[in-house]
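Inspection log for the structure reproduced underneath, given as structure tokens.
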Amino acid sequence: MKRLFFIFVFCSYFVSSTAQNAYNIVPQPVIVKSQADKFVFNKGTRVIIPEGDPAMHNASFALIERFMTASDIALKEETLSEENKDMTNAVFFKTDPKMTNKEGYRLKITKERIEVEAAEAVGFFYAMQTIRQLLPPEIEKSTTSGVEWAVPCVEIEDAPRYAYRGLMVDVSRHFSSVKDVKRYIDLLAFHKINTFHWHLTDDQGWRIEIKKYPKLSEISAWRYRTLIGHGNAAAKDRKYKQERYGGFYTQEEIKDVVAYAGKKFVTIIPEIEMPGHALAALTAYPELSCTGGPFEVEGNWGIFNDIYCTRDETFRFLEDVLSEVMELFPGTYVHIGGDEAKKTRWERCHHCQSKINELGLKNEEELQSWFITRIEKFVRSKGRRIIGWEEVTEGGISPEVTVMAWRGIQKGITAARQGHDVIMAPQTFCYLDYYQSKDRETEPLANGGYLPLDKVYSFDPTPQELSAQEAKHILGGQANLWREYIPAETHLEYMLFPRLAALAEAVWSSRDGKDYEDFKKRLVSGVLKHYAALGINYANHP
Ligand code: ACM
Ligand code: ZN
């Protein structure tokens with residue numbers, strides 16, 4: 005603590021003692037030592053990378069691509085050699101295997117050259133994102149002229165506080181094209197967020213092609229009406245847009261997105277909801293429900309009674325689905341949902357009640373534990389792990405299950421104390437579908453709740469009351485964007501930005517160095533200008 009304080013004061017001294025350079029970087033790096041002067045990119049600038057690791061090209065390409073798009077500068081990539089090792093006008097990548105955080109990097113910008121050190125390609129990639137933020141915002145544009153491509157001289161040491169830094173986007177309530185999903189991934193990389201949680205299935209639409217169950221694409225992916233206005237309206241006042249709405253990603257498209265994300269060092273976690281939020285699937289396969297249906301893909305928002313029945317056919321279906329999903333997504337985790345599963349149907353279903361008797365369970369909560377455990381074992385048998393929303397702990401569950409806390413910090417604390425790995429995504433700090441201004445009249449329709457920028461910024465994924473041992477279970481934090489009220493991409497951008505920047509700093513930067521006013525200054529003087537150049541419809545509340 006004392007040392008961190010010292011570093012903080014030391015850095016503040018340097019930042020404030022040199023007037024001419026400003027460093028508008030978000031998330032704030034661990035150490036920023038201000039230097040005078042600048043480095044200017046030109047047509048002769050090279051990027052020199054070590055030989056051997058193909059992922060290094062993805063890191064250097066992050067910078068090369070920006071210049072290629074924005075300017076007439078084609079940065080030349082070379083591998084490190086005797087001839088070029090002392091060259092000026094170059095960005096040098098030097099591998100330092102001793103660096104313990106593989107996402108960390110050191111960046112030294114002088115007038116003559118830029119040196120970057122990291123243990124792995126991902127660290128170099130994040131150094132390129134830092135350089136991107138130090139460049140004039142025109143670097144985000146598709147054509148420019150007359151810009152001096154200068155970055156201020158500086159020495160930076162940086163590494164994230166958490167290994168898990170995520171954003172969830174719900175594409176069930178409203179769908180996003182492949183092009184838009186790729187844009188989210190680009191913007192995650194800009195904020196050094198490394199995980200995209202893709203909420204692919206829900207009551208209102210199933211969005212992933214599963215070869216063995218074609219009706220998921222033919223039927224479950226489409227709804228025929230969508231509620232107009234807020235979901236809390238009385239039934240008699242509800243009006244609907246009577247229109248076929250939906251879509252799904254083919255497996256080829258999913259592979260394309262996964263490969264794209266890999267190049268941006270973003271891991272995708274697919275979510276397949278169970279046992280609740282399953283009406284879209286049950287519409288196509290009503291035999292997997294307790295009542296047999298019929299159902300329709302929902303055009304209302306909320307929590308519905310019909311969920312998967314616990315009969316064997318359900319598990320055959322879900323295991324087949326998960327097998328195809330695991331083929332497509334190479335990451336460790338599969339998210340199996342688990343939230344908001346009403347037990348109304350299970351209480352009255354003779355299959356589900358016989359299952360409770362046969363297994364000697366106490367109640368429907370324990371039946372849910374049995375359900376999730378069966379899925380967990382299946383996923384683990386394939387060498388993967390599951391994440392579930394915090395409700396999966398109700399009725400007891402293996403500590404192998406990673407818990408995503410959403411109803412509040414306390415749920416995450418309890419789960420960590422039970423020995424679960426925990427991802428903190430409490431609605432009090434992380435639900436970006438909430439209003440961001442008190443003046444609701446001037447804001448687009450939102451889910452309710454109030455989550456202004458400073459509240460997101462104050463998010464601390466590791467509650468102080470956890471012991472050091474318990475705190476090791478907190479993998480990181482995540483923002484969630486539920487899409488009931490967010491059909492348009494411009495609206496989505498308005499909800500995400502700049503609150504996602506605040507979240508990024510909460511999960512990357514150290515707790516001790518956090519300063520909201522300083523964050524706002526960096527945001528306004530730097531990041532918002534990059535957003536504007538990118539054409540993002542951000543909320544201009546700061
Ligand atoms: C949730 O917000 N239902 C996870
Ligand atoms: Zn049943």
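Take 5 as the starting number for the sequence shown in our numbering and just add one per residue.
We put the beta carbon where it would ideally sit given N, CA and C, even for glycine.
* To do: With a threshold of 16 other CB atoms inside 10 Å of the CB of L363, please say whether the residue is buried or exposed.
  => Position 359 of the sequence shown, counted from the first residue, corresponds to residue 363. Counting Cβ neighbours within 10 Å, L363 comes out exposed, since fewer than 16 surround it.
* Touching by the beta-carbon criterion (3+ pairs, under 8 angstroms), the stretch 436–448 and the stretch 381–389 -> no
* To which residues of the same chain is G423 closer than 6 angstroms at the C-beta, ignoring the five residues directly before and after it? -> Within the sequence shown, numbered from 1, the residue matching residue 423 stands at position 419. Cβ neighbours of G423 beyond the five flanking positions: P403.
* For R320, is the beta carbon positioned less than 7 angstroms from some heavy atom of the ligand ZN? -> Sequence index remark: in the sequence shown, residue 320 carries index 316 (1-based). Result no, Cβ not under 7 angstroms from the ligand ZN.
* To do: Check whether the Cβ atoms of L292 and T318 sit closer than 8 angstroms, and answer yes or no.
  => Against the sequence shown, residue 292 aligns to sequence position 288. Against the sequence shown, residue 318 aligns to sequence position 314. A contact, by the Cβ cut-off of 8 angstroms.
* To do: Go through the stretch 339–422 residue by residue and report every complete run of the beta strand (DSSP E) that reaches 3 residues or more, in order.
  => 389–393 and 406–409
* Kindly examine the ligand ACM and report whether one of its heavy atoms sits closer than 7 angstroms to the Cβ of D343. => Sequence index remark: in the sequence shown, residue 343 carries index 339 (1-based). Yes.
* Asked: Once you ignore the five residues that flank T406 on each side, which residues in its own chain have a CB closer than 8 angstroms to its CB?
  -> By one-based count along the sequence shown, residue 406 stands at place 402. Cβ neighbours of T406 beyond the five flanking positions: Y337, R389, I390, I391, G392, H424, D425, V426, I427 and L479.
* **Residue of T114, L67, E395 and V173 minimising C-alpha distance to A483** => Translated into positions along the sequence shown, residue 483 becomes position 479. Minimum Cα distance to A483 is reached at V173.
* Would Y188 be called buried (16 or more neighbouring beta carbons within 10 Å of its own) or exposed? -> Taking the sequence shown and counting its residues from 1, one reaches residue 188 at position 184. It is buried - the Cβ of Y188 has at least 16 other Cβ atoms within 10 Å.
* Taking only heavy atoms of the ligand ACM into account, decide whether any of them is closer than 7 angstroms to the Cβ of W410. => Position 406 of the sequence shown, counting from 1, holds the residue named residue 410. Yes; taking the cut-off as 7 angstroms, the Cβ of W410 has a heavy atom of the ligand ACM nearer than that.
* From E247, G306 and F129, pick the residue whose C-alpha is nearest to that of E488; which is it? -> Walking along the sequence shown from the start, residue 488 turns up at place 484. Of the candidates E247, G306 and F129, the one whose C-alpha sits nearest the C-alpha of E488 is G306.
* Taking only heavy atoms of the ligand ACM into account, decide whether any of them is closer than 7 angstroms to the Cβ of W393. => The sequence position of residue 393 within the sequence shown is 389, counting from 1. Within the cutoff, so yes.
* Asked: Using the rule of at least 16 other Cβ atoms within 10 Å of the residue's Cβ for burial, across every protein chain shown, is Q133 buried or exposed?
  -> Taking the first residue of the sequence shown as 1, we reach residue 133 at position 129. By the 10 Å Cβ count, Q133 comes out buried.
* To do: Could you please give the first and the last residue of the uninterrupted alpha helix (DSSP H) stretch that includes K98?
  => Reading the sequence shown from its first residue, position 94 is the one you call residue 98. Not the alpha helix (DSSP H): K98 falls in the beta strand (DSSP E), residues A94 to T99.
* To do: May I ask whether a heavy atom of the ligand ZN can be found less than 7 angstroms away from the beta carbon of R378?
  => Taking the first residue of the sequence shown as 1, we reach residue 378 at position 374. It does not: the Cβ of R378 is nowhere closer than 7 angstroms to a heavy atom of the ligand ZN.
* To do: At 3 residues or longer, and completely inside the stretch 451–496: list those beta strand (DSSP E) runs for me, N to C.
  => 478–485
* Whole-number beta carbon distance between Y109 and A131, since they are thought to touch under 8 angstroms -> The residue you call residue 131 lines up with position 127 of the sequence shown. The residue you call residue 109 lines up with position 105 of the sequence shown. Yes, A131 and Y109 are in contact; Cβ-Cβ is about 4 angstroms, under 8 angstroms.
* At least 3 beta-carbon pairs within less than 8 angstroms: the stretch 48–66 vs the stretch 77–84 -> yes
* Could you give the residue range of the beta strand (DSSP E) that holds H534? -> In the sequence shown, residue 534 corresponds to position 530, counting from 1. Note, H534: premise wrong, no beta strand (DSSP E); alpha helix (DSSP H) at L532 to L538.
* **C-alpha gap between S16 and P164, whole angstroms** => The sequence position of residue 16 within the sequence shown is 12, counting from 1. The sequence position of residue 164 within the sequence shown is 160, counting from 1. Bear in mind that the predicted position of S16 carries a pLDDT of just 43, short of 50, making it too unreliable to give a figure here.
* To do: Put H201 into one of helix, strand or coil per three-state DSSP.
  => On the sequence shown, position 197 is the one that residue 201 refers to. Reduced to three states, the DSSP call for H201 is strand.
* To do: Use the C-beta contact count for Y454: other C-beta atoms within 10 angstroms, 16 or more gives buried, fewer gives exposed.
  => Position 450 of the sequence shown, counted from the first residue, corresponds to residue 454. Y454 comes out exposed.
* Between which two residues does the alpha helix (DSSP H) carrying Y264 extend? -> By one-based count along the sequence shown, residue 264 stands at place 260. Segment Q255 to K267, the alpha helix (DSSP H) holding Y264.
* Using a threshold of 7 angstroms, is the CB atom of R487 nearer than that to any non-hydrogen atom of the ligand ZN? -> Residue 487 sits at position 483 when you count from the first residue of the sequence shown. Checking the Cβ of R487 against the ligand ZN gives no.
* Asked: Is the beta carbon of S180 less than 8 angstroms from the beta carbon of A74?
  -> Here residue 180 refers to the residue found at position 176 when the sequence shown is read from its first residue. Here residue 74 refers to the residue found at position 70 when the sequence shown is read from its first residue. Going by C-beta atoms, S180 is not nearer than 8 angstroms to A74.
* If we ignore side chains and look at the alpha-carbon of each, how far apart do E521 and M330 end up? -> Along the sequence shown, one-based indexing puts residue 521 at 517. Along the sequence shown, one-based indexing puts residue 330 at 326. Computed Cα separation, rounded: 43 angstroms.
* To do: Alpha carbon to alpha carbon, how far is K98 from N105? Give it in angstroms, no decimals.
  => On the sequence shown, residue 105 is found 101 positions in, with the first residue counted as 1. On the sequence shown, residue 98 is found 94 positions in, with the first residue counted as 1. Rounded to the nearest angstrom, the two C-alpha atoms are 15 angstroms apart.
* **Opposing strand residues paired with R169 [DSSP bridges]** => To locate residue 169, count along the sequence shown from 1; it is residue 165. In DSSP, R169 forms a bridge with G481.
* Of all the options R349, V44 and A450, which has the alpha carbon lying nearest to the alpha carbon of M499? -> Residue numbering aside, residue 499 sits at position 495 when the sequence shown is read from its first letter. The option with the nearest alpha carbon to M499 is A450.
* Cα-Cα separation, V155 to K112 -> As a first step, residue 155 must be located in the sequence shown, where it is residue number 151. As a first step, residue 112 must be located in the sequence shown, where it is residue number 108. Each residue's alpha carbon lies about 11 angstroms from the other.
* Asked: Between which two residues does the alpha helix (DSSP H) carrying Y244 extend?
  -> Taking the sequence shown and counting its residues from 1, one reaches residue 244 at position 240. Segment K243 to K245 is the beta strand (DSSP E) holding Y244; no alpha helix (DSSP H) there.
* To do: Look at the alpha carbon of V528 and the alpha carbon of E86, and state the distance between them as a whole number of angstroms.
  => By 1-based counting over the sequence shown, the position of residue 528 is 524. By 1-based counting over the sequence shown, the position of residue 86 is 82. Each residue's Cα considered, the two are about 43 angstroms apart.
* Return yes when at least one heavy atom of the ligand ZN lies under 7 angstroms from the C-beta of H195, else no. => For the purposes of this step, residue 195 is identified with residue 191 of the sequence shown, where counting begins at 1. No, the ligand ZN has no heavy atom inside 7 angstroms of this Cβ.
* Asked: Buried or exposed: where does D443 fall if 16 or more other Cβ atoms within 10 Å of its Cβ makes it buried?
  -> Here the question's residue 443 lines up with position 439 in the sequence shown. Looking at its Cβ environment, which holds fewer than 16 other Cβ atoms inside 10 Å, D443 is exposed.
* If you draw a straight line from the C-alpha of P101 to the C-alpha of A510, how long is it? -> As a working note, residue 101 is residue 97 in the sequence shown. As a working note, residue 510 is residue 506 in the sequence shown. Cα-Cα distance, rounded: 27 angstroms.
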